[in-house]
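Heads up: the sequence lines are chains A and B, in that order.
Residue 5 is where the first sequence starts when you use my numbering, and the numbers rise one by one after that.
Residue 349 is where the second sequence starts when you use my numbering, and the numbers rise one by one after that.
The beta-carbon is built from N, C-alpha and C at its ideal position, and this holds for glycine as well.
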Amino acid sequence: MAEYGRQDPLDPLWDAVADLGKRVRGAGSGGGAGLNLNPGRLRNYAIGALVLLFLFTGFYQVAADEVAVVQRFGRYVRTAGPGPHFRVPFGIERIIRVPDKRQLKMEFGFETVNSGRQSEFRTSEESKKESLMLTGDLNVAVVEWIVQYRIKDPYKYLFHLRSVTDTFRDMTESTMREVVGDHSVDEVLTIGREAIALQAREELQKLCDLYENGIEIQQLVLQDVNPPDEVKPAFNEVNQAIQEKERAINEALADYNSAVPQAKGQAEQQVRAAEGYALERVNVAEGDGKRFEAVYEEYRKAPQVTRRRLYLETLSRVLEKSGSKIIVDQQAKGILPLLQLDSLAKEKK
Amino acid sequence: MSQRFVNNVVRVAILLVLAASSVYTLSETEQAVLTVFGKPAGDAVNTPGLHFKIPFIQVVNRFDKRWLEFDGDPNQIPTRDKKYLWIETYARWRISDPLRFYQAVQDERGAQSRLDDIVDGETRNAVASFDVIELVRSSNREFEATEELSGVEEGSEVDVKVVTGRAKIAEVILAKAAAITPQFGVELVDVRFKRINYVETVQAKVFERMISERKRIAEKSRSEGAGRAAEIRGQKERDLLAASSEGYKKAQLLKGAADARATSIFARAYERDADFYAFLKSLETLEKTIDAKSVLVLSTESELLKYLKGAGGK
């Protein structure tokens with residue numbers, strides 16, 4: 005049982021002094037056989053001892069992070085803050101020191117064996133029992149958490165409950181189970197963590213106020229929250245499946261992205277080419293049209309002459325270009341079958 | 349040492365012993381019952397501080413005033429729906445009537461054993477008259493679900509509405525037990541469930557169920573992935589065809605419009621003299637079609653040679 009309030013360290017001294025007094029008394033009644041002291045010197049020693057005792061049992065020091073609760077004949081009289089203090093000596097006023105400014109911590113489901121840069125943790129059989137709990141959907145989860153708290157009211161902390169810390173452990177476990185019992189296993193493991201910690205903190209503070217144990221909850225933090233070892237592989241499989249799902253979708257999207265933009269580009273290309281065709285077509289039409297109009301203007305002035313001239317000019321160009329020319333007289337009939345047009349064409353090649 | 353001094357010392361000693369026997373202190377955490385030869389004398393004392401009593405005759409019996417601890421016997425208890433649960437309870441109690449407490453149970457050990465009977469008994473009664481879900485849940489709040497994990501149908505156990513709930517059941521136990529404890533001077537201040545778990549055999553079954561449930565979720569997720577992927581691939585096909593046909597349509601529209609425009613331009617130009625146009629076009633075509641491979645057969649009657657013939661003959 006680790007209570008934080010501890011007894012005044014001078015108490016044993018006071019008890020020892022009382023014991024010594026008894027012995028001195030015993031020596032006196034024994035007729036001075038043991039101690040050969042005359043009454044005057046004895047009185048001086050006694051007064052000296054009393055003064056020393058007065059100082060020793062009267063002054064005390066309170067450290068910066070604690071307060072001292074002072075009891076006179078067992079009755080609470082005051083609380084003394086940090087610094088040097090005086091109390092009624094000879095054990096009439098006794099003090100219990102309470103570290104009310106220190107942040108205290110309690111671990112559930114695990115134990116810190118060695119805290120440092122790389123803290124070591126341990127889970128004993130008892131902590132396993134602490135962390136195993138039922139969730140609201142009647143599943144099982146392993147929840148580890150810590151509570152950070154402070155002694156807000158040293159009087160209540162010391163005098164209202166016996167074994168405050170044990171009780172506080174019980175209260176915390178009970179509260180956490182109640183809260184987890186109202187959440188599904190998925191909430192406990194993932195999305196509900198913060199809400200659970202917050203709710204548990206509130207409920208626990210309410211319970212502390214009900215129990216009047218003088219404790220103020222500062223933080224309640226969920227640590228590792230896991231499914232039980234037996235079902236862990238199945239939970240991992242779900243995560244894996246979610247990954248697989250995302251991968252399948254991503255692959256399909258990649259497929260899509262590699263094909264569709266290209267097709268859109270190609271379509272655009274077709275359109276641009278058509279635009280080019282359109283421009284060309286119109287331009288050609290306009291050009292040809294204008295050319296015709298220009299020629300026609302001249303032609304109109306002397307149609308017959310121009311017509312003949314154009315014909316002859318063209319024919320001369322054509323004759324120049326063509327390979328073979330055969331001129332046939334009108335009288336020479338039936339010549340055509342004799343012509344080997346093919347061979348003529350071949351020769352030319 | 350003189351006889352007088354010794355006498356004085358003895359007197360002082362006797363006085364001291366008398367004084368020590370006639371006062372006692374009570375701490376903030378204590379209360380006391382004074383007894384004379386084992387019989388209680390007067391009311392209980394519960395104010396802390398210095399107190400007086402009749403020396404030697406009255407004996408101080410101290411009792412704790414604080415809330416005291418009590419742990420219920422961890423035990424497996426069947427619920428109303430015949431499921432075995434491992435139940436651990438804790439309670440807090442205080443000695444509210446020291447006199448009666450002293451008379452009825454003497455000390456804390458006596459009280460603990462009485463509490464065992466009462467609290468454990470009431471716990472059994474309460475647990476046996478509720479279903480598992482009532483003992484686990486405290487309210488009817490809806491569970492939140494992530495997208496991936498939703499859609500798994502819940503067991504019928506879970507869908508049952510919670511009527512009483514864990515906290516209320518603990519209150520029931522407290523109320524019933526607290527009604528009995530004043531008989532031996534004890535006030536039961538709180539009873540709570542510390543731990544509720546499945547017993548081993550049930551737990552194994554629950555784990556099996558959890559595993560199958562997860563498997564179901566995993567399967568669902570996988571098939572959702574495949575479904576989405578197929579959907580995207582389909583969309584791809586659709587978008588590909590849409591893009592290419594759209595391109596074709598636009599191209600055709602553009603070409604058609606241009607053709608129409610060109611046609612109208614030609615028509616407007618050539619309608620001035622269709623005959624001349626035809627003539628020009630014929631010439632053009634002639635020029636285009638004749639190349640080095642062509643063989644031209646010209647009659648002397650042709651337009652070109654007509655004049656030559658006539659010139660030679662006459």
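Considering only residues of the same chain and omitting the five flanking positions on each side of A:Gly269, which have a CB-CB separation below 6 Å?
Excluding positions up to five away in sequence, the list is empty.
In the DSSP assignment, what residue or residues form a beta bridge with A:Lys132?
Beta-bridge pairing links A:Lys132 to no other residue.
Along chain B, which residues have their Cβ under 7 Å away from the Cβ of A:Ser135?
The premise fails here: A:Ser135 is roughly 10 Å from chain B at the closest Cβ pair, so nothing lies under 7 Å.
Excluding the 5 residues preceding and the 5 following A:Asp333 in the sequence, name in chain order all residues of the same chain whose CB lies nearer than 8 Å to its CB.
Correct list: empty, nothing qualifies.
List the endpoints of the continuous alpha helix (DSSP H) containing A:Thr116.
First-last for A:Thr116: 115–118, but that is the beta strand (DSSP E), not the alpha helix (DSSP H).
Ignore the nearest five residues each way along the sequence and tell me which others in A:Glu134's own chain have a CB closer than 7 Å to its CB.
Contacts found: Phe112, Gly113, Glu177.
For B:Lys636, does the count of other Cβ atoms within 10 angstroms reach 16, so buried, or fall short, so exposed?
Using a 10 angstroms sphere on the CB of B:Lys636, the tally of other CB atoms stays under 16, which defines it as exposed.
For the region 396–410 of chain B against the region 520–532 of chain B, do three or more pairs of beta-carbon atoms, one drawn from each stretch, fall closer than 8 Å, so that the two count as touching?
Note that the region 396–410 of chain B does not touch the region 520–532 of chain B; fewer than 3 beta-carbon pairs, one per stretch, sit closer than 8 Å.
Burial state of B:Lys509 (16 or more Cβ within 10 Å)
Around the CB of B:Lys509, fewer than 16 other CB atoms lie within 10 Å, so the residue is classed as exposed.
Return the residues of the region 428–447 of chain B that lie within a Cβ-Cβ distance of less than 7 Å from chain A, sorted by chain order.
Answer set for the region 428–447 of chain B: Tyr438, Arg440.
Does the ligand GTP have a heavy atom nearer than 7 Å to the CB of B:Lys401?
This structure lacks the ligand GTP, and indeed carries no ligand of any kind.
B:Gln531 classed as buried or exposed, judged by whether at least 16 other C-beta atoms fall within 10 angstroms
Exposed, because fewer than 16 other Cβ atoms sit within 10 Å of the Cβ of B:Gln531.
Under a three-way DSSP split, which group does A:Gln65 fall into?
Looking at A:Gln65 - three-state DSSP - the assignment turns out to be strand.
Name the DSSP beta bridge partners of A:Thr83, please?
According to DSSP, which records beta bridges pairwise, A:Thr83 is partnered with A:Val73.
Going along chain B, which residues have a C-beta under 7 Å from A:Leu165?
The contact set of A:Leu165 on chain B, defined by CB atoms closer than 7 Å, consists of Arg414, Trp415 in chain order.
Could you give the distance in angstroms between the alpha-carbon of A:Val288 and the alpha-carbon of B:Gln600?
Rounded to the nearest angstrom, the two C-alpha atoms are 19 Å apart.
Taking Cβ-Cβ distances below 8 Å as the criterion, which residues of the region 241–252 of chain A are in contact with chain B?
So the list reads Glu241, Val242, Gln244, Ala245, Ile246, Glu248, Lys249, Glu250, Arg251, Ala252, given in the order they occur along the chain.
By a C-beta neighbour count over all protein chains shown, 10 Å radius and 16 as the cutoff for buried, is B:Ala709 buried or exposed?
With chain B covering only 349 through 662, there is no way to say anything about residue 709 of chain B.
Terminal residues of the alpha helix (DSSP H) in which B:Pro426 lies:
Under the DSSP assignment, B:Pro426 falls outside any alpha helix (DSSP H), being part of the beta strand (DSSP E) whose first and last residues are 423–426.
If I follow the unbroken alpha helix (DSSP H) through B:Gly469, where does it start and stop?
Run containing B:Gly469: 469–476, per the alpha helix (DSSP H) assignment.
Considering just the uninterrupted stretch of the beta strand (DSSP E) at A:Arg91, what are its terminal residues?
For A:Arg91, no beta strand (DSSP E) encloses it, and the DSSP letter there is neither H nor E.
Quick check on this structure: which residue in A:Ala245, A:Ala252, A:Arg197, A:Arg313 has the alpha carbon closest to the alpha carbon of A:Ala4?
Any answer about residue 4 of chain A is impossible in this case: the structure gives chain A only from 5 up to 353.
Please confirm whether B:Thr437 and B:Lys542 have their CB atoms less than 8 Å apart.
Yes, Cβ-Cβ distance for B:Thr437 and B:Lys542 is below 8 Å.
Any idea what DSSP makes of B:Tyr401, helix, strand or coil?
It is Lys, not Tyr, that sits at residue 401 of chain B in the sequence shown. Three-state DSSP puts B:Lys401 in coil, outside helix and strand.
Is B:Ile613 buried or exposed, if buried means 16 or more other CB atoms sit within 10 Å of its CB?
Buried, by the Cβ-count rule.
So within the region 199–252 of chain A, which uninterrupted beta strand (DSSP E) runs reach at least 3 residues, ignoring any that extend past its ends?
Correct list: 219–230.
Which bits of chain A does B:Gln583 rub up against, with CB to CB less than 7 Å?
The contacting residues are Tyr260.
For the region 480–563 of chain B, which segments carrying the alpha helix (DSSP H) assignment without a break, of at least 4 residues, lie completely within its bounds, in sequence order?
Here the runs fully enclosed are 480–484, 504–507, 514–528.
Would you kindly check if the distance between the Cβ of B:Arg440 and the Cβ of B:Leu463 is under 8 Å?
No, the Cβ-Cβ distance between B:Leu463 and B:Arg440 is not below 8 Å.
Under 8 Å, Cβ to Cβ, is there at least one residue of chain B near A:Asp292?
With 8 Å as the cut-off, A:Asp292 counts as an interface residue toward chain B.
Backbone CA spacing between A:Lys160 and A:Lys210 [nearest angstrom]:
In this structure, the straight-line span from the alpha carbon of A:Lys160 to that of A:Lys210 is close to 15 Å.
Three-state secondary structure (DSSP) of B:Asn409
In this structure, DSSP gives B:Asn409 an extended state, which the three-state scheme calls strand.
Can you check whether the CB of B:Thr512 is closer than 8 Å to the CB of B:Phe491?
Their beta carbons are not under 8 Å apart, which means B:Phe491 does not touch B:Thr512 by this criterion.
Kindly say whether A:Ser128, judged by its beta-carbon, lies nearer than 8 Å to any beta-carbon of chain B.
Not closer than 8 Å to any Cβ of chain B, the Cβ of A:Ser128 fails to qualify, so no.
Determine whether the Cβ of A:Gln203 lies closer than 8 Å to any Cβ atom of chain B.
It does not; no Cβ of chain B falls within 8 Å.
Does DSSP classify B:Lys641 as helix, strand or coil?
Looking at B:Lys641 - three-state DSSP - the assignment turns out to be coil, as it is neither helix nor strand.
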